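**Q** Chains as they are written, first to last, in the numbering used here: chain A, 1 to 1201; chain B, 10001 to 10297. A single structure is presented below for examination.
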Amino acid sequence: MSGRRLMVVARDEFTLTLRRPMVWTLLALLLLLSWGIAEGVVQVALGSGDASVGGKKAFLTSQFAITQIMTVFTFTIYTFFAAAAAGLSVIRDDESRALEVLQATPLRPTEYAWGKFLGVSTAFLVVLAVNLAALILFLSVLPNADMLDVRGPFATGNYLVPALAIAVPNILFTTGVAFGVGTGTRRSILVFAAPIALLVLSAFFLWSWSPTWLSESWNRVLMFADPAAARWLSETYLKVDRGAEYYNTQRVGFDALFFANRLFWSTIGLGAAWLGIRRFTRTYRASHAMSTGQVSAALAAASAWSAAPAGSNATLASLQMTAAPLGMWATAWGAAGAESRELASRAGLYLFVPLIVLQLLGNSLTAIGAFDTPLLLTPGQLASSQMQAMATFVILLLVFYGVESMERERATRLDAIHDTLPISTGALLAGKLLALGVVWLVVALAAVLASAIIMLVQRKVAFSLVPFALLWGLLFLPTFLAFTTFVFATWTLVRNRYTTYGIALGVLGLTGWATITERLSWPTNWALWTGVRWTDMGTLEFDRGALVLNRLLWLSLAVAFWRMATRLYPRTARDTVSLVHAWSWPRLWRTFRRASPFLVAPVVLGATLARQVSQGPDGSRAEKVGKDYWKKNLATWRDAPFPWLKGVDVDLTIEPAARRYRVSGSYLIVNHRDTTLRQIPLTVGLWKEMRWTADGDSIAPDTASHLYLFTLQRPLGAGDSVRIGFRYSGDVSAPTEGRGGAGEFIIPSGVVMTNFGPRWFPYLGYEPSIGVDKDNRFEPRQYPEDWYVGTTPASFGSQLPMTVRTRITVPGDFIANGVGEIVSDSVHGTTHTVTWETDHPVMAFNVVAGRYAVKRGAGTALFYHPTHAYNVDEMLLALNASRRWYGEWFGTYPWKTLKISEFPALAGYAQGFPTNISFSEGIGFLTKSEPKTNLAFMVSAHEIAHQWWGNMLQPANGPGANLLSEGMAHFSTMLLMEQEKGERAGLELRTRFESRWGDGRRADAERKLYRIDGSKAGDGVVTYEKAGWTFWMLAERMGRDNALRGMKAFIARFQGGEDHAALEDFTAHMRAYAPDTAGYDDFVRQWFDTVSVLEYKVETATARRIAAAGPWETEALIHNVGNARMPVDIGVVTGERFPDDSTRKAKSPYAQALTRITISGGDTMTVTIRSPFEPEKVVIDPDVRVLQLRRKLAERKVEPR
Amino acid sequence: MLSVRQLVKVYPGPVAALQGISLDIPSGMFGLLGPNGAGKTTFMRILAGVLEPTAGSVHLDGEDVLANPEALRASLGYLPQDFGFFPHLRGQAMLEYLLKLKGVTGPRGVSALAAELLERVNLAHAAKRKVKDYSGGMRQRLGIAQAIAGNPKLIIVDEPTAGLDPEERLRFYRLLAELAQDRTVLLSTHIVEDVAVLCRRFAVIRAGQLVALTSPHDARVQLAGKVFEGDVSPEQLDAVRRTHRVTQAVLVEGRNRVRIFDESGACPEGFEPVGETLEDAYFLLMHAQPLTAEVTA
């Protein structure tokens, strides 16, 4: 090999690569992104917490931040460019036939190929250097006063180390694999398939899939398997948030696994390049490398050929050929046949299809619902949840195969013949379209097959093809046609493969950006990435009209694109002079006139759709009304005194099919204040035909302020009341903007209405959240430390309990549930009227209706969609057990019947209205619940607990108070699970909640429980999991019976009162029930009034037997890495505690020996434990009774001493 | 009858590839001769409807083929100079595909017809091989097979014998000759012998201009008794070039074997009379003045 010749090739390739527009595009993109990060408009994050680059507190310049940037940049953005440049390097020479010329020179294939690889790799290392320089410039050199708090001191190592450790191996890997694939196979599609496959595998699996049950050894295998090393970084440093201080000051410590990963994947890159070059070398001057057998066969065929008669000399006339032009479809069919065969010869398809299927399987099997509970997949849920992934994959395939299809004749030089064939361009393109349709069909069928297998494995739900045919077939058809014809039209316009790729991928990227930033609406939602919300209870009823119009719009655009593609398809090469003339005004006008018939339908449909959306609940009309409401009333009414609702009497007629409703009724309003009220403000919805009365007399409110002001003839003195009557109708058929579902709705298959907000029923007073968006959003209210002292208002619902009577008329086959008890129920013709009355006052009311089956228990009832009976028994058990045990623990349930009603999954929440709990399909009803996990029981128990913690006890409106609702519901669930399902179920639930908190907490943002208001990232897991655990530990600390007595008394104290409960009220109240008040105070200080964390680590564990047949003595060094101080059990254990297979005889029975210790935060302690058995492990808190971070570190295998 | 009027083609550069060619091409085999870069392929591509001219018109039996290329395509058999096929299709499948799109069939169906056509071009043995494994000559023959399929009124073949061995070339001559009996076959080549063997009439274009329109016989007859051949030393060659029109000079064993044309018919010293060939005529025509439209039309 001549080094000189190799370097000539390398230099040439290096220069050529750096001159390519593609590389300049990459550089521009990297500069822009670097600037965006420096300005805080772009964020890069692999892990959770404030480690996210661009986050509020973490330095953008820390080594962790730069490592994340390098990882994401090089493995996502660089990948496509590097793959294209490296992979196509030799292919391009081959296609341009330059290779043939080079073959005649002394240049050896190895010199040529290694030179190419060296040149292109070096070019991308130069790009990396420029990228690094840009980051240093933007992040550390150029001044930026707005970002001072996220800029740390400049350290060269923060930039260089990630570049060398992460970026260089990634570039070597990407360029090596792409070069190897491109050079070895000379197939461009494979060059793109490989990086996409890796990216998808990494982004959707390797970087994100980390269930709590995954063992450490398998986790390390996956870390090693990630070519980007992103999983290693995430799992080692980012998954459990260590706080900004750590990330800002520490260096990334690389371990042996990391170095092994880097070395392995760099070697894979270089190895792939070597293999590709080896194959290339073998075929450099021959079309094939052949085995001896193949050579023999070829020789035999050649001799047979030479022996054969040399062709026929018969005349052509004897062939009796006839010719008649083919029809459109026959031509298209013929073209599709050849095109399909060419597509089938592309290896990319065989790579993509399994990948797509794997991805869909992965997504489906890891689908989660409330509290991360796995979902039971029905065909419709599966088809709809995977629709976006499916669409994305097929669209990506269409980009590459669509362009390749258009290029095919030109690339193979068949165009010289093909363009003169007596076929219409339309038929030819139709053939290509059909062939691409086959690609779509193959992908869809493979995915459907995979889905059928999922259903089969689930064993609970029957498979049905209908939802797949509807969502992946019928609904996707316009997307397929529109995008494919768009690719066709773009190609015919620009006639360049790479520009077409760029434009098509740009459209995809733009759509992704619009989706993420919520700018996508029904008119622009061409890929239906959002907007299609499936419910098994009714097929595509929500926004159906908009959906149909959207599909028609994109079909009509497909026609327009089609027209453009067929007009511009270059069968005759245009003359330059005539092209110049084509830009004259008259010619342009003529072109427009000809195109205009094809634009009429898209324009009309688009305008209609846009208008409908603007009239919808989140359209411009509603937005303007909301803004006006906010602007005109904020100053006057936000802190104004309002009277309270005492009684509600509502007649409600619902027409689900038409999505209309009529309301008539009245509110009994009482002035509980000392002052006289002259005006009563009511916030109203977008209703029609409104009529109002006051104590029976007609009244005309002042509507100028968008808040209806009722000026009373008789001012409302203290204790006085007035009955405001109303009558109006509403119509909710106008579409939303198409980004998903709706919290409350009327659709043909179900109804959910509540009195939270003014959507359905008049809302007494001013609603401060209306008209607030990102433009006028304000920081959460700051409360003083003693905010809870005195009478505090309720955080939701009425301020005092009220009586409610709802008379609901629905279609005859509907069941309508309200709060309270049924007092009358009748069917007249096609309507069903039911009247509900509260048997005990309530603080809020709702209406849930649908076509239900019902299962009843003791004072309980479950209303569910007839096909969703999977978890009904488990949920009813939860209902019955909750009524019994929660009643016993927290106070007798004051209402007669407790019911749960299922509603269509247009939203994924559950709401615990008194006596009438509403559950979305995915919560409980479609939870994948197994005897081991009891997840349907769990979510039901949580929601039912809100009858006590939320209804009987209304939290106050202030920080920390919501924990009395959500945290207490979790605590109740933990208790009930153990009570009903036993020790193991209780232990597993506590572990589950602990993991959710550990994974979801934001170390820097976490505040003490008293201050949690839901406004900070990570507040969610504190409100639910940490609070639930804190109440659990409190009960353990003060004794469960004491705690339950205190809690029962606490509810009784606040139930129905004017003052509402704050967390501070709770801790003050419970003190009286604590046997050890000093211990209690210490606990409250640590867990309610400061942010405390327990994190134990077993540093060493050794054991020896004291005497020949005597007990064992284990010595363990324990470190409390956290800052809290709690008594905790430490034990030595042996055997399997809860074997999955109870029929199998355990190797050794489970045994544990415990001792209790207390270690302060940061301290270490040596603990000695004696056990009558040989210990296997030292485990801190084996019974899971204290909340720990990183529990996996709190156990260690015992070594012999 | 194919009628071409004032055909002009200017490529960006600008390069005037055709400078107003007018020509009537009757039924039968018509040759188009010219050196490399003369504009032959441009001319053929325009006639085949794959290239838009800058100006001019082309009519086939009165039909304006530039305005209505679809009409031409239905009656065209075209073998371009540079072409390819779908590499992963087998020869038979590729030909079948093209026959289907052309709407061509035979009494026993498209497959049988494709097989027979492959036999006519001596490719039957390679029918099952993928096209990407074909040699250049085999690909050329597959191209010929598709061009002659059906009953096209007009056949345009651009350098059709390039890459063919003598046997296949003769086979192709025979096929073309058969086709030319009742239709127009336009043969573009720089191999003068092809035209001499096959064409009743031919045109010569040079630098985008038509310089001759004649028949092989007429072209040769004009030279009768005026072509001489002799050996000339390298030193004498320039002098001969100054005094005579040299049609060929080949260096053999240190001396030039030179053919010259002398209008007067007087044999120069050291030369002897030889029989005139079309190649002689071609070389002489290459120096002729461009013909006017009135002459050619």
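For each residue, glycine too, the CB sits at the ideal point set by N, CA and C. Quick caveat, the model's predicted, so the values are computed rather than measured.
Which of the three DSSP states is assigned to Asp10158 (chain B) in this structure?
**A** Residue mapping note: residue 10158 (chain B) aligns to position 158 of the second sequence, counting from 1. Strand.
**Q** Who are the Cβ neighbours of Asp720 (chain A) in its own chain at under 6 Å, not counting the five residues just before and after it?
**A** Working through the first sequence from its first residue, we reach residue 720 (chain A) at position 720. Around Asp720 (chain A): Asn671.
**Q** Suppose you measure from the CA of Ala469 (chain A) to the CA of Thr867 (chain A); what does that come to, to the nearest Å?
**A** The count along the first sequence starts at 1 and reaches residue 469 (chain A) at position 469. The count along the first sequence starts at 1 and reaches residue 867 (chain A) at position 867. Whole-angstrom Cα-Cα distance: 20 Å.
**Q** For Leu10237 (chain B), return the contacting residues in chain A, with the cut-off set at a CB-CB distance below 8 Å.
**A** Position 237 of the second sequence, counted from the start, is the residue given in the question as residue 10237 (chain B). Result: empty, since nearest Cβ-Cβ is about 33 Å, beyond 8 Å.
**Q** Anything in the segment 411-423 of chain A with a Cβ closer than 9 Å to a Cβ of chain B? List those residues in chain order, please.
**A** Ala411, Thr412, Arg413, Leu414, Asp415, Ala416, Ile417, His418, Asp419, Thr420, Leu421, Pro422, Ile423
**Q** Report yes or no: do the segment 834-843 of chain A and the segment 797-809 of chain A share at least 3 C-beta pairs separated by less than 8 Å?
**A** yes
**Q** Answer yes or no: does any C-beta atom of chain B fall closer than 8 Å to that of Asp575 (chain A)?
**A** The residue given as residue 575 (chain A) occupies position 575 in the first sequence. Cβ-Cβ to chain B under 8 Å: yes for Asp575 (chain A).
**Q** Could you spell out the range, first to last residue, of the alpha helix (DSSP H) harbouring Leu634 (chain A)?
**A** By 1-based counting over the first sequence, the position of residue 634 (chain A) is 634. Residues 620-637.
**Q** When Cβ atoms are compared, which residues of the segment 576-593 of chain A fall closer than 8 Å to chain B?
**A** Thr576, Val577, Ser578
**Q** Throw me the rounded Cβ distance for the Glu10298 (chain B) and Leu319 (chain A) pair, which I believe falls under 8 Å.
**A** Outside the displayed range of chain B (10001 to 10297) lies residue 10298 (chain B), so it cannot be described from this structure.
**Q** Could you have a look at Lys10040 (chain B) and say whether DSSP puts it in helix, strand or coil?
**A** The residue you call residue 10040 (chain B) lines up with position 40 of the second sequence. It is helical.
**Q** Measure the beta-carbon distance from Tyr1024 (chain A) to Asp1089 (chain A) and round it to whole angstroms, keeping in mind my assumption that it falls under 8 Å.
**A** By one-based count along the first sequence, residue 1024 (chain A) stands at place 1024. By one-based count along the first sequence, residue 1089 (chain A) stands at place 1089. Actually they do not touch by this definition, with Cβ atoms about 20 Å apart.
**Q** For the segment 957-970 of chain A against the segment 400-412 of chain A, do three or more pairs of beta-carbon atoms, one drawn from each stretch, fall closer than 8 Å, so that the two count as touching?
**A** no
**Q** Just how far apart, CA to CA, sit Asp618 (chain A) and Lys774 (chain A)?
**A** Your numbering for residue 618 (chain A) matches position 618 in the first sequence. Your numbering for residue 774 (chain A) matches position 774 in the first sequence. Cα-Cα distance, rounded: 14 Å.
**Q** Closest to Val10202 (chain B) by C-alpha separation, out of B:Ile10191, B:Pro10216, B:Glu10193, would be which residue?
**A** To locate residue 10202 (chain B), count along the second sequence from 1; it is residue 202. Before going further, note that residue 10202 (chain B) is Phe rather than Val in the sequence given. Selected option, being the one with the closest Cα: B:Pro10216.
**Q** Suppose contacts are defined by Cβ-Cβ distances below 8 Å. Is Val394 (chain A) in contact with Val443 (chain A) by that definition?
**A** Here the question's residue 394 (chain A) lines up with position 394 in the first sequence. Here the question's residue 443 (chain A) lines up with position 443 in the first sequence. Yes; because the gap between Cβ atoms is below 8 Å, this pair is in contact.
**Q** Does any CB atom of chain B fall closer than 8 Å to the CB of Ala1204 (chain A)?
**A** Within the shown structure, residues of chain A are numbered from 1 to 1201, placing residue 1204 (chain A) beyond reach of any answer.
**Q** Please list the partners that Ile10021 (chain B) has in chain A, where partner means a Cβ-to-Cβ separation under 8 Å.
**A** Along the second sequence, one-based indexing puts residue 10021 (chain B) at 21. Those do not exist, as Ile10021 (chain B) stays about 15 Å from chain A at its closest Cβ, beyond 8 Å.
**Q** In three-state terms, what does DSSP make of Val1206 (chain A)?
**A** This structure cannot settle anything about residue 1206 (chain A), because the visible part of chain A is limited to 1 through 1201.
**Q** Measure from the alpha carbon of His10287 (chain B) to the alpha carbon of each residue in B:Gln10140, B:Gly10137, B:Arg10245, then state which is nearest.
**A** As a position in the second sequence, residue 10287 (chain B) is number 287, starting the count at 1. Taking only the C-alpha atoms, the option nearest His10287 (chain B) is B:Arg10245.
**Q** Using the Cβ count rule (16 or more neighbours within 10 Å means buried), how would you classify Ser287 (chain A)?
**A** Taking the first residue of the first sequence as position 1, residue 287 (chain A) is located at position 287. Here the model assigns Ser287 (chain A) a pLDDT of 49, short of 50, so the residue's position is not dependable, and the following value carries that caveat. Label assigned to Ser287 (chain A): exposed.
**Q** Where do the N-terminal and C-terminal ends of the alpha helix (DSSP H) with Glu111 (chain A) fall, by residue?
**A** Working through the first sequence from its first residue, we reach residue 111 (chain A) at position 111. Taken as a continuous stretch (DSSP letters only), the alpha helix (DSSP H) holding Glu111 (chain A) covers 109-136.
**Q** When you check each C-beta in the segment 10253-10279 of chain B against every C-beta of chain A, which residues fall closer than 9 Å?
**A** Within the segment 10253-10279 of chain B, no residue has its Cβ closer than 9 Å to any Cβ of chain A.
**Q** Just to confirm before moving on: does the CB-CB distance between Thr373 (chain A) and Leu935 (chain A) stay below 8 Å?
**A** Reading the first sequence from its first residue, position 373 is the one you call residue 373 (chain A). Reading the first sequence from its first residue, position 935 is the one you call residue 935 (chain A). Yes, they are a contact pair.
**Q** Between Leu316 (chain A) and chain B, is there a C-beta pair that is closer than 8 Å?
**A** Against the first sequence, residue 316 (chain A) aligns to sequence position 316. Leu316 (chain A) counts as touching chain B.
**Q** Using the rule of at least 16 other Cβ atoms within 10 Å of the residue's Cβ for burial, across every protein chain shown, is Val53 (chain A) buried or exposed?
**A** Along the first sequence, one-based indexing puts residue 53 (chain A) at 53. Per-residue confidence for Val53 (chain A) stands at a pLDDT of 43, beneath the threshold of 50, marking its modelled position as unreliable; the derived number appears in the next sentence. Val53 (chain A) should be labelled buried.
**Q** Which bits of chain A does Ser10082 (chain B) rub up against, with CB to CB less than 9 Å?
**A** For the purposes of this step, residue 10082 (chain B) is identified with residue 82 of the second sequence, where counting begins at 1. Looking at the sequence provided, one finds Asp at residue 10082 (chain B) rather than Ser. Correct list: Arg413, Ala416.
**Q** Expressed to the nearest angstrom, what Euclidean distance is found between the alpha-carbon atoms of Thr576 (chain A) and Leu433 (chain A)?
**A** On the first sequence, position 576 is the one that residue 576 (chain A) refers to. On the first sequence, position 433 is the one that residue 433 (chain A) refers to. Their backbone Cα atoms lie some 30 Å apart in a straight line.
**Q** With Pro227 (chain A) as the anchor, note down where its alpha helix (DSSP H) starts and where it stops.
**A** What you label residue 227 (chain A) is simply residue 227 of the first sequence in a count that begins at 1. Here Pro227 (chain A) belongs to no alpha helix (DSSP H), and DSSP marks it neither H nor E.
**Q** Name, going along the chain, the residues of the segment 339-370 of chain A whose beta-carbon falls closer than 7 Å to a beta-carbon of chain B.
**A** Within the segment 339-370 of chain A, contact with chain B at the beta-carbon level (separation under 7 Å) is assigned to Arg341, Glu342, Ser345.
**Q** If you draw a straight line from the C-alpha of Phe259 (chain A) to the C-alpha of Leu29 (chain A), how long is it?
**A** Position 259 of the first sequence, counted from the first residue, corresponds to residue 259 (chain A). Position 29 of the first sequence, counted from the first residue, corresponds to residue 29 (chain A). Whole-angstrom Cα-Cα distance: 30 Å.
**Q** Let's test the definition: count the other Cβ atoms within 10 Å of the Cβ of Ala450 (chain A) and tell me whether it reaches 16, buried, or not, exposed.
**A** Sequence index remark: in the first sequence, residue 450 (chain A) carries index 450 (1-based). Looking at its Cβ environment, which holds 16 or more other Cβ atoms inside 10 Å, Ala450 (chain A) is buried.
**Q** Leaving out the 5 sequence neighbours to the left and right, which residues in its chain are closer than 6 Å to Asp1129 (chain A) when beta-carbon positions are compared?
**A** Position 1129 of the first sequence, counted from the start, is the residue given in the question as residue 1129 (chain A). Closer than 6 Å at the Cβ level, and outside the excluded window around Asp1129 (chain A), lie Leu1154, Arg1156, Asp1181.
**Q** Is the CB of Asn10068 (chain B) under 8 Å away from at least one CB in chain A?
**A** For this step, residue 10068 (chain B) is matched to residue 68 along the second sequence. No - not a single Cβ of chain A is within 8 Å of the one on Asn10068 (chain B).
**Q** With a threshold of 16 other CB atoms inside 10 Å of the CB of Phe993 (chain A), please say whether the residue is buried or exposed.
**A** By one-based count along the first sequence, residue 993 (chain A) stands at place 993. Buried, since its Cβ has 16 or more Cβ neighbours within 10 Å.
**Q** Given Pro109 (chain A), which residues of its chain have a CB within under 7 Å of its CB, disregarding the five upstream and five downstream residues?
**A** The count along the first sequence starts at 1 and reaches residue 109 (chain A) at position 109. Cβ neighbours of Pro109 (chain A) within its own chain (closer than 7 Å, five residues either side excluded): Phe280, Thr281, Tyr284.
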